[in-house]
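To start, the structure under review is shown below, and the notes come after it.
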Amino acid sequence: MRAMLKFLLLSIAFVVALVGAFVAFVFFTEHKPKPIEPAEHQCRDGGRVLVKGEPFSLVSWNLQYAASRKHRFFYDGGEAVHVPPADVEETVTGISKALADAGAEINLLQEIDRDSTRTGRLDQLTRYQAAIQPTCTSAAPYHLAYFVPKPTTNPLGRVHMALGILTTVAHDKATRHQLALMNEPKVVQALNLKRALLTAEVHVDGHTQPLAVAVTHLSAFSFGDGTLERQVAYLREWMDARPPDQPWILAGDFNLLPPGDDKNRLTTEADLYADASNPIEALLPGHRTLFADQLAPENRTYLPFGASEPDRKIDYVFIGGPIDVLESRVMREHSALSDHLPVFGRLVIGAVPEDAATEVIPDKASP
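The number in the numbering used here is simply the position in the sequence shown, starting from 1, with 661 added.
Given below as structure tokens:
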């Protein structure tokens, strides 16, 4: 009896020591970004500059870390955690071609896996660079952990997921801004996503101010705990801090329905959206966006697992200053590549020259 008790106590002590060691490892290796810090930034020679009055295009896209729409992942109620290499390769190739074909001067990308176990530790950013051939690339991690033990039966492992700004025109002053974290236990917070805003500046020939560009991906699964309100408040501060004569673009996955949309019409994941006030009302309708009608079905961007048509809009492109929209559309032709559809816009800074053969289309749905 005494031997059994001793064995039990030793077993408990071993488990406690193991848990303690893991917690210490988590905090020792935790990604601890500063509130504002320089982002990874690289440029090559060449590439044109934006010119006042000349149209340019952009793409904003949550890439679902090239995980393939073939799988239902654990955070969406499924069982998938790690993606078969062939599916990752097929998806990265498809995304690369879509970005190359779009030919946008500015690409604002979310959920880029760079060295994650779930996607074979492939640096997807280098593949997208090869496709787009950008003059400059900036990136900022927002989920960076050496080992995520969830789900316990099949741990996620190492995760490195980033925001990216890839431009065929030169940009500089790349900066990572830390956004508010969810209200979670510290050890969970250390392993979880640390949402961010990535900003940069693009020189504009003929204009006194550069074009400020920004990309973000706001929290999901916060269930109305105030996190999204705090994150949106930071974005609004950034928007409102732009000088009146500075053109700017802020794009990304906001995980928020447009004002006036009824979450109860959704057949899946309706519980993700708060019952009280919608945080995005702090931005809409007070700021301009790529699309005039936020509730139009053709402007929806998110496809739940198994859906062939998007059922909600949670991706936005905000604009401000002396910049105008010439064309905008949701690129529905790429619905097989991610659970988010890419958003395409054609814009101009300043007046359009008379000889520019461009029809001004404030809202254009994809075919």
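We put the CB at the ideal spot given by N, CA and C, even for glycine.
Here the structure is a predicted model, which is why all the values come from computation and not from measurement.
Should residue 1035 and residue 878 be called a contact, given that it needs their Cβ atoms to be closer than 9 Å?
-> As shown, the chain starts at 662 and ends at 1028. That puts residue 1035 outside it, with no answer to give.
Closest by C-alpha distance to residue 905, when choosing among 964, 711 and 981 | 981
Please check the pair residue 851 and residue 691, which I expect to be a contact at CB under 8 Å, by giving their CB distance rounded to whole angstroms.
-> 4 Å
Taking the C-alpha atoms as reference points, what is the distance between residue 729 and residue 663?
-> 55 Å
Span of the beta strand (DSSP E) around residue 837 = 832 to 839
Pairing CB atoms from the region 700 to 712 with CB atoms from the region 825 to 838, are three or more of them under 8 Å?
-> yes
In terms of DSSP beta bridges, what is residue 914 paired with?
-> 878 and 976
Tell me the DSSP bridge mates of residue 909?
-> 873 and 981
Would you call residue 853 buried or exposed, if buried means 16 or more other Cβ atoms sit within 10 Å of its Cβ?
-> buried
CA-CA distance, residue 822 and residue 748?
-> 18 Å
Quick one: is residue 1006 buried, meaning 16 or more other Cβ sit within 10 Å of its Cβ, or exposed?
-> Classification for residue 1006: buried.
Mind reading off the beta-carbon distance from residue 882 to residue 933? Whole number of angstroms is fine, and I expect it under 8 Å.
-> Indeed, because the Cβ distance is near 7 Å, the residues count as touching under 8 Å.
By a C-beta neighbour count over all protein chains shown, 10 Å radius and 16 as the cutoff for buried, is residue 777 buried or exposed?
-> buried
Determine which residues share a DSSP beta bridge with residue 1008 and list them.
-> 717 and 986
DSSP-derived helix/strand/coil call for residue 947 = coil
Selected residue, minimal CA-CA separation from residue 887, among 995, 732 and 842 | 842
Quick one: any contact between the region 736 to 752 and the region 793 to 810, if contact means 3 or more CB pairs under 8 Å?
-> No: fewer than three Cβ pairs fall under 8 Å.
Take residue 695 and list the residues in its own chain whose beta-carbon comes closer than 6 Å to its own, dropping the five residues that flank it on each side.
-> none
Under a three-way DSSP split, which group does residue 733 fall into?
-> If DSSP states are grouped into helix, strand and coil, residue 733 belongs with coil.
Taking the alpha helix (DSSP H) that residue 759 falls in, what are its first and last residues?
-> 746 to 763
Could you tell me whether the Cβ atoms of residue 910 and residue 991 are closer together than 9 Å?
-> no
Express the C-alpha separation of residue 872 and residue 987 in angstroms, rounding to a whole number.
-> 17 Å
Nearest to residue 721 (by Cα), restricted to the options 836, 903, 770 and 848 | Checked all of 836, 903, 770 and 848; the closest Cα to residue 721 is 770.
Locate the alpha helix (DSSP H) running through residue 1002, then write down its first and last residues.
-> Residue 1002 -> no alpha helix (DSSP H), and no H or E assigned at all.
Grab the span of the alpha helix (DSSP H) containing residue 900 for me, first residue to last.
-> 888 to 901
Using only alpha-carbon positions, find the residue among 783, 805, 733 and 693 that is nearest to residue 1000.
-> It is 733.
How far does the beta strand (DSSP E) with residue 773 in it reach, from first residue to last?
-> 767 to 774
Can you check DSSP and say which residues form a bridge with residue 963?
-> 973 and 1001
Cβ neighbours of residue 1022 in the same chain (closer than 7 Å, five flanking residues each side left out) = The predicted model places residue 1022 with a pLDDT of 41, which falls under 50 and marks its position as unreliable; any figure quoted below should be read in that light. Excluding residues within five positions, the ones whose Cβ falls inside 7 Å are 987 and 988.
Please go through the same chain and pick out, in chain order, the residues whose beta-carbon is closer than 7 Å to the beta-carbon of residue 708, but skip the five residues on each side of it.
-> 796, 829, 830 and 831
Would you mind giving the Cβ-Cβ distance between residue 885 and residue 937, rounded to the nearest angstrom? I have them listed as a contact below 8 Å.
-> 6 Å
Report the residue from 844, 834 and 903 whose alpha carbon sits nearest the alpha carbon of residue 984.
-> 903
Bridge partners of residue 821, per DSSP?
-> 805
Excluding the 5 residues preceding and the 5 following residue 753 in the sequence, name in chain order all residues of the same chain whose CB lies nearer than 6 Å to its CB.
-> Close CB contacts of residue 753 within its chain, under the 6 Å cut and outside five residues either way in sequence, are with 727, 785 and 788 (chain order).
Residues near residue 739 by beta carbon distance below 6 Å, same chain, minus five either side | 733
Exposed or buried, what is residue 803 when buried is set at 16 or more other beta-carbons lying within 10 Å of its beta-carbon?
-> Buried, because 16 or more other Cβ atoms sit within 10 Å of the Cβ of residue 803.
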